[in-house]
Amino acid sequence: MSEKQDKIIICRNCGKEFVFSVGEQRFFEEKGLSEPVRCKDCKAKRKEQSSIKEENTEKKQREHKENKNDFEEMLRKFQENTILFEEERVRRENKKKRR
Ligand SMILES: [Zn+2]
């Protein structure tokens, strides 16, 4: 087994050199991961962005759900009104018949 050495990698994102240390190399090897291509800063930024993205998606889904609930509520009210209207109509019809 060859001795590992700290590696200098150029970040794909910002072009900055960063150290891929022996410890990290071992960790990556253990996990079966390929060498990092971005520095820690860019990685952290990407993570942040993707979590914001996820939050937004969640928010949108929630809003969508709420909109759907609103629509269902509206539909329910509409049906109730229709029933009321129908009952009222029947009542009037009955009154007419009595006369
Ligand atoms: Zn970078």
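Numbering-wise, this note's numbering comes out as the position in the sequence shown, counting from 1, plus 749. Here a beta-carbon is modelled for each residue, glycine too, at the ideal position from N, C-alpha and C. Since this is a predicted model, take the numbers as computed values, not measurements.
Within this structure, are the beta carbons of residue i and residue j separated by less than 8 Å?
i	j	result
residue 770	residue 755	yes
residue 774	residue 753	yes
Would you mind sorting residue i into buried or exposed? The rule is 16 or more other CB atoms within 10 Å of its CB.
i	result
residue 788	buried
For residue i, which residues of its own chain have a beta-carbon under 6 Å away from its beta-carbon, when the five flanking residues on both sides are left out?
i	result
residue 762	787, 791
Is any non-hydrogen atom of ligand 1 found closer than 7 Å to the C-beta of residue i, if you look at the structure I gave you?
i	result
residue 790	yes
residue 795	no
residue 765	yes
Tell me which same chain residues have a C-beta within less than 7 Å of the C-beta of residue i, skipping the five on either side of it?
i	result
residue 760	767, 787, 788, 791
Once DSSP output is grouped into helix, strand and coil, what is the label at residue i?
i	result
residue 814	helix
residue 789	helix
residue 756	strand
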